[in-house]
Amino acid sequence: MQTSVTVDKVTTAAGYNQGVGKLKLLEKMSYGFGDMASNLMWGIIGSFLLYFYTDVALIPAVATGTIMLVARILDAVIDPVIGNMVDRTNTRFGRTRPYILFGIVPLAVMLVLTFSSPDISTTGKIVYACITYVFCGILYSLVNVPYGALMPLMTRSSEEKNQLSSYRILGMALGSIIVTACTSPLVEFLGGGEEKRGYQLTSALFAVCGVILFFFVYKNCKERYIEFANQDVKKQKGGLLETYKRAFNNGPWVSTIAFTLFMFIKIGAVVAITIFFCIHVLHNPHMISILLPAQYVSILIASPLAPVFLRKFGHRNGNIIACVIYIVSIACMPLFKDNMPAFVFCWVFGNIFAGINGGSVFGMTANAVDYNEWKFDKRCEGTLYAGYSFATKVGMAIGGSAVGYVLAFTGYDAANITSQAVSSINVLYYAVPIFCSVLQIIAVSFYRLDAIHPQVVRELEMKRAALK
1066 MQTSVTVDKV TTAAGYNQGV GKLKLLEKMS YGFGDMASNL MWGIIGSFLL YFYTDVALIP
1126 AVATGTIMLV ARILDAVIDP VIGNMVDRTN TRFGRTRPYI LFGIVPLAVM LVLTFSSPDI
1186 STTGKIVYAC ITYVFCGILY SLVNVPYGAL MPLMTRSSEE KNQLSSYRIL GMALGSIIVT
1246 ACTSPLVEFL GGGEEKRGYQ LTSALFAVCG VILFFFVYKN CKERYIEFAN QDVKKQKGGL
1306 LETYKRAFNN GPWVSTIAFT LFMFIKIGAV VAITIFFCIH VLHNPHMISI LLPAQYVSIL
1366 IASPLAPVFL RKFGHRNGNI IACVIYIVSI ACMPLFKDNM PAFVFCWVFG NIFAGINGGS
1426 VFGMTANAVD YNEWKFDKRC EGTLYAGYSF ATKVGMAIGG SAVGYVLAFT GYDAANITSQ
1486 AVSSINVLYY AVPIFCSVLQ IIAVSFYRLD AIHPQVVREL EMKRAALK
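Sequential numbering from 1066 applies to the sequence shown in our numbering.
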């Protein structure tokens, strides 16, 4: 009993409020603004860059696929370096927040350059696209890896992490809905019928909004564990390889990263193929502004449901159930291709549970940070969240580039669409998400932290109390 009182006194005095206090609403909302900003700025890349390269900048499909794959892999390799930098950072601004403060404006500028296409040769366009895409991804990592690593510095409470994840899902959904619903109309309006100028100005608008939203993250989100995080900096031994050697012995983290990888392969492929599916299979380009926003409306619906669902079933079992429901929903969609309301309903219903999958990984990664400290006496928030960022980027790269390669293999030509290309688009639209969801189920089956996480937190708090 005395030990419990001591732990509460120490953790409360230091601001480490596991089960003792709750984060304020403004702080939770501000944290969600970060993912809204990320999806305004990165969502337009994920949803429209493939089309921009092939049909606006007129870069060949096979070159586009190669650019997207190579750029994302090179960019993803940078993530562990940035994560290690975050782990070793100790400034008056905090550990993660200075990267957000000083990185967001350069990212905004590079986003606009990425959606610019100079009037040069095709080879020149390929080189320009590769350079801008790579640097945009690096700058995105410089902001987004620290943003992800901020959560476990804000609270140790699993319930509060689920709440933060819920606000992050909400922000992600709102940002994605805005991008998918408004990009095409904005391109037409701002460009005055000229797509090249329209995409440039639309990306500039999203970039400015992203800067403003990320400033709220910097201003309102507090690093309550920064004292112990900085002690972790002093204890750092070995280099990046040794840090990741420990990480790969962190079973919950490995499971989470694999789950995230397959999820983002699915997202990358589905987002990329949906535009072509609506134009060439449904023969209705206006469905782009229905299906893509509907996907994120589903995620918006999932945001308040996810904490309740995950509290009931846990991260492992909850994700398995959600993936199974998603698979059944997608498998039903071809049956209703001539009945658009039923078709869209299946799409929305399945993506509600995909939204629960997406939101769960933030809490799973944050809990894996606790497990890392419990097992190895090192938190390594930056490094572990860099692994998450790596998985998202490699997944999006594989998914998006796979679509580009398949289109090239089937002889896709924007000016002359073959029946083989149309059939491939149709198969990809249904088969890829189902297959990737099966792989997600396999990956999350190895996540076995739910049962022991309360014990992990209790022992860590007692250790911190003793150090005090």
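C-beta atoms are modelled at their ideal positions from N, C-alpha and C, and glycine is treated no differently. Quick caveat, the model's predicted, so the values are computed rather than measured.
Just so you know, the alpha carbons of V1276 and C1286 end up roughly 16 angstroms apart. Judged by DSSP in its simplified three-state form, T1161 adopts coil rather than helix or strand.
Three or more beta-carbon pairs separated by less than 8 angstroms link the stretch 1092 to 1103 to the stretch 1267 to 1283, which places the two stretches in contact. The beta carbon of P1350 sits closer than 7 angstroms to those of C1343, I1344, all from its chain and outside the five residues before and after it, given in chain order.
Contact annotation, G1240 with L1105: C-beta distance approximately 5 angstroms; criterion of less than 8 angstroms satisfied. Between the C-alpha atoms of W1439 and L1326 there is a straight-line separation of about 25 angstroms.
By the C-beta criterion, the stretch 1308 to 1315 is judged to be in contact with the stretch 1431 to 1448, since at least 3 inter-stretch pairs fall below 8 angstroms.
In the assembly as shown, L1306 is an exposed residue. Its beta-carbon has fewer than 16 other beta-carbons within 10 Å.
Per the DSSP secondary-structure output, T1156 pairs in a beta bridge with G1159. The criterion of a C-beta distance shorter than 9 angstroms is satisfied by Y1450 and G1148.
In the three-state reduction of the DSSP assignment, L1088 falls in the coil class. When DSSP states are grouped into helix, strand and coil, C1195 belongs to the helix group. With a cutoff of 9 angstroms on beta-carbon distance, A1419 and M1527 are scored as not near each other. Measuring C-alpha to C-alpha distances from I1421 to each of G1111, G1452, V1522, K1377 identifies K1377 as the nearest. In this model, R1523 and D1515 are separated by some 14 angstroms (Cα to Cα). If the five residues before and after Q1360 are omitted, its C-beta is found closer than 6 angstroms to the C-beta atoms of N1416, all from its own chain and listed in chain order. The DSSP-derived three-state label of N1404 is coil. Residue state for K1331 is assigned as helix, using DSSP reduced to three classes. If you ignore the 5 residues before and after V1521, its C-beta comes within less than 7 angstroms of the C-beta of D1435, Y1436, W1439, all in its own chain and listed in chain order. I1338 sits close to V1468, with the two beta carbons spaced by under 9 angstroms. I1242 is classed as buried because its beta carbon has at least 16 other beta carbons within 10 Å across all chains shown.
Contact holds between the stretch 1494 to 1504 and the stretch 1381 to 1400, because three or more Cβ pairs, one in each stretch, are under 8 angstroms apart. With contacts defined as CB atoms closer than 9 angstroms, T1267 and G1256 qualify as a contacting pair. The C-beta of F1167 has fewer than 16 other C-beta atoms within 10 Å across all chains shown, which makes the residue exposed. Here the stretch 1358 to 1372 makes no contact with the stretch 1452 to 1470; the two share fewer than three CB pairs at distances below 8 angstroms.
In this structure, the alpha-carbon of E1288 lies about 47 angstroms from that of N1491. Judged by beta-carbon spacing, Y1205 lies beyond the 9 angstroms limit of F1113, meaning their Cβ atoms are not closer than that value. Short of 6 angstroms from the beta carbon of S1181, and not among the five residues preceding or following it, lie these beta carbons of its own chain, in chain order: Q1265.
Taking the Cα positions, C1445 is about 13 angstroms away from M1216. Taking C-beta separations shorter than 8 angstroms and ignoring five residues to either side along the sequence, the partners of V1121 in its chain run S1182, E1260, K1261, Y1264, following chain order. A straight line joining the alpha-carbon of P1317 with that of I1165 spans about 27 angstroms. In the three-state reduction of the DSSP assignment, E1288 falls in the coil class, being assigned neither a helical nor a strand state. Look at F1180 here: in three-state DSSP terms it is coil, with no helix or strand label. Comparing C-alpha distances from F1324 to each of M1133, V1509, P1498 shows the shortest one belongs to V1509. The three-state reading of DSSP puts T1220 in coil, since its state is none of H, G, I, E or B.
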